[in-house]
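Shown next, in C-alpha cells, is the structure this report addresses.
There are 2 protein chains.
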Amino acid sequence: MAVPSSVSVTPTASPLFLRENEVRRGVELLFFGYTRLTRAIDEGLAEQGLGRAHHRALYFIARQPDLPISTLLKILAITKQSLGRVLTDLGDRGLVETRTGNVDRRQKLLRLTPEGIQFEAQLFDALRSSLASAYAAAGQESVTGFWRVLEGLIPAKDKAMVVALQKDM
Amino acid sequence: MAVPSSVSVTPTASPLFLRENEVRRGVELLFFGYTRLTRAIDEGLAEQGLGRAHHRALYFIARQPDLPISTLLKILAITKQSLGRVLTDLGDRGLVETRTGNVDRRQKLLRLTPEGIQFEAQLFDALRSSLASAYAAAGQESVTGFWRVLEGLIPAKDKAMVVALQKDM
DNA sequence: GAAGATGGGACAGCCATATTGACGTATCTT
DNA sequence: AAGATACGTCAATATGGCTGTCCCATCTTC
C-alpha cells in the first residue's frame, strides 16, 4: 500500500471524506459487520451458559496470559463489579484461574486453564472462519486498508493498549 | 496447517488468511474501533435520556424515511417488543412520527419529525468527525479495503438489506 | 364473503450486562 | 507510619434484550 505516511495528507482526497454517504456507508458496514461477527460465536457460548461479556474476557486472557485484572479492566472499559461477575462465572466453570503476582503480590494474574484454552480456541475457530473468508474475498490490499481505517478510529490514548496486544505480530 | 513444500510460498500469499495473528488483529481492531465509534455519541444521547438502542432506530429511520416497522425489525434484528419500547420513547420525545401506509393500510411508516432530523444530524456529526478523520488518516485506498472486508463479513442473506440502504450512493 | 396470513400493539415476566457508591483487606510505596 | 494501589464485595439501579400470549385491523386467497 502506497500511503505516504511521512507526508502531510494530500488535500486532493479530502472532498471524499466529507461526504455524508461515505460516512454512512462506514457506519452501516461497521454495524452489520461487527454484529454478524459477534453472532458467529453466540451458539458456542450458549452451550456453556455464557454470554458475550464472558467471551470478551476469555478472549483477552487468552491473548495475554498472566494478565492482571487491572489491565483487563482497562481493555474492556467496564467496572470492576461487572468484570467481577464475569470472572466468577468463568472461574466456576474451570475456564480461568488466577495466581498471585510474583512481582506485586496484590495482583491476581489471569490465565486460562487447559479447558479454557480449548474452549476459547473453539470459539476462535468461528471468528477465524468468518474473518478469513472476508479477508480472502476482499484481498490482501483490502485487509491492510481495513486495519488502517480501524486504527484511525481508536483514540490516541487507547492506541498503546491495542498495540501492546499485537506486539508479537 | 499443511503447506505444499513443492510450491514457493511468499509471506503475503494465501497463508496470510489462515494465520491466527491476522485474524486476532481484525477481531481486536473491530472491537475497539466499533466500541469507540459508538461512544462518540453517548453524551449526546444521554442529554435526551436516550440510549444506543434509540440511536440505532433513529439512524435507520433517518436513512430511509417512510420505513415500515417490519423492515426496521429486520434491519435491527431485535424483537417487536424491544423495538416497541424504543419507538414509544422516540415518539414521546417528538422525534419520530408514524403515518398509515397508503399502499397497505396495516403498515405504519416511520419518519423523523423536524426535531428528530435535527437531533439525528447532531449525533451524526459526531460519527462523521470520528470516521472522517479515520478515513483521512488511512487514505482513500484504505477506505475501499475497509468497506470490502466488512462487506465480506455480512452473510449473503443479509446483504440485500445493506445494499438497499446504500442504493442512492 | 369467509378463512387465513400479515402488520402492528400490548400485557406480564424474565435475563444479561452494565452502572454508581461505599466499604474492607492486603500489599506496595514513600 | 501514612497513603496509594489492587482486588473483592455489598446493595441498588438502568438498559436493552428475550419469551409467550393475546388482540385488532387489514390484506390476500379461495
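Heads up: the protein sequence lines correspond to chains A and B, in order.
Heads up, the final residue of the first sequence is numbered 518 in my numbering, and it's a clean run with no missing numbers.
Heads up, the final residue of the second sequence is numbered 518 in my numbering, and it's a clean run with no missing numbers.
We put the beta carbon where it would ideally sit given N, CA and C, even for glycine.
The structure presented is a predicted model; accordingly, all values stated were derived computationally and were not measured.
8 Å Cβ cutoff, residue i in contact with chain A
| i | result |
| --- | --- |
| residue 459 (chain B) | no |
| residue 516 (chain B) | no |
| residue 382 (chain B) | yes |
| residue 415 (chain B) | no |
| residue 422 (chain B) | no |
| residue 356 (chain B) | Any reading at residue 356 (chain B) needs caution, since the residue's pLDDT is 40, under 50, leaving its predicted position unreliable; the model's value is listed next. No, its Cβ sits nowhere closer than 8 Å to a Cβ of chain A. |
Chain B within 8 Å of residue i, Cβ atoms only
| i | result |
| --- | --- |
| residue 525 (chain A) | Because chain A here runs from 350 to 518, residue 525 (chain A) falls outside it and cannot be looked at. |
| residue 419 (chain A) | no |
| residue 363 (chain A) | Confidence at residue 363 (chain A) is low in this model, with a pLDDT of 45, below 50, so the placement of that residue should be treated as unreliable; the coordinate-derived value is given next. So yes, residue 363 (chain A) belongs to the interface. |
| residue 468 (chain A) | no |
| residue 391 (chain A) | no |
| residue 479 (chain A) | yes |
| residue 507 (chain A) | yes |
| residue 512 (chain A) | no |
| residue 372 (chain A) | yes |
| residue 350 (chain A) | A caution first: residue 350 (chain A) carries a pLDDT of 44, below 50, which makes its placement in the model unreliable, though a value can still be read off. Chain B contact via Cβ: present. |
Other residues of its chain near residue i: CB distance less than 7 Å, five sequence neighbours each side excluded
| i | result |
| --- | --- |
| residue 422 (chain A) | 429, 432 |
| residue 514 (chain A) | 412, 413 |
| residue 496 (chain A) | none |
| residue 400 (chain A) | 394 |
| residue 424 (chain B) | 409, 510 |
| residue 436 (chain B) | 406, 445 |
| residue 403 (chain A) | 394, 435, 438, 439 |
Chain B residues whose Cβ lies nearer than 8 Å to that of residue i
| i | result |
| --- | --- |
| residue 504 (chain A) | 385 |
| residue 482 (chain A) | 501 |
| residue 376 (chain A) | 386, 408, 476, 480 |
| residue 452 (chain A) | Result: empty, since nearest Cβ-Cβ is about 26 Å, beyond 8 Å. |
According to DSSP, residues forming a beta bridge with residue i
| i | result |
| --- | --- |
| residue 420 (chain A) | The partner list for residue 420 (chain A) (beta bridge, DSSP) is empty, contrary to what the question assumes. |
| residue 447 (chain B) | B:459 |
Cross-chain neighbours of residue i in chain B, by beta carbon under 9 Å
| i | result |
| --- | --- |
| residue 486 (chain A) | 497, 498, 500, 501 |
| residue 412 (chain A) | 373, 377 |
Contact set between residue i and chain A, taken where Cβ atoms lie within less than 7 Å
| i | result |
| --- | --- |
| residue 400 (chain B) | Chain A residues near residue 400 (chain B): none, gap ~15 Å exceeds 7 Å. |
Within chain A, the residues that residue i reaches when beta carbons sit closer than 8 Å
| i | result |
| --- | --- |
| residue 493 (chain B) | 491, 494 |
| residue 432 (chain B) | Near residue 432 (chain B) there are no residues of chain A at all, since even the closest Cβ is about 15 Å away, more than 8 Å. |
Beta-carbon contacts of residue i that lie in its chain and below 8 Å, excluding the five residues immediately before and after
| i | result |
| --- | --- |
| residue 462 (chain A) | 443, 444, 445, 446 |
| residue 503 (chain B) | 511 |
| residue 387 (chain B) | 401 |
| residue 457 (chain B) | 417, 418, 447, 448, 449, 450 |
| residue 389 (chain B) | 475, 476, 478, 479 |
| residue 466 (chain B) | 411 |
Near the ligand PLP: residue i beta-carbon under 7 Å from a heavy atom
| i | result |
| --- | --- |
| residue 390 (chain A) | Judged by which ligands are present, the structure shown has none, so any question about the ligand PLP falls away. |
Can you find at least 3 beta carbon pairs, one from the stretch 453 to 466 of chain B and one from the stretch 394 to 405 of chain B, that sit closer than 8 Å?
no
Can you confirm whether the stretch 459 to 474 of chain A touches the stretch 478 to 495 of chain B when touching is taken to mean that 3 or more C-beta pairs between the two stretches lie within less than 8 Å?
Verdict: no, contact absent.
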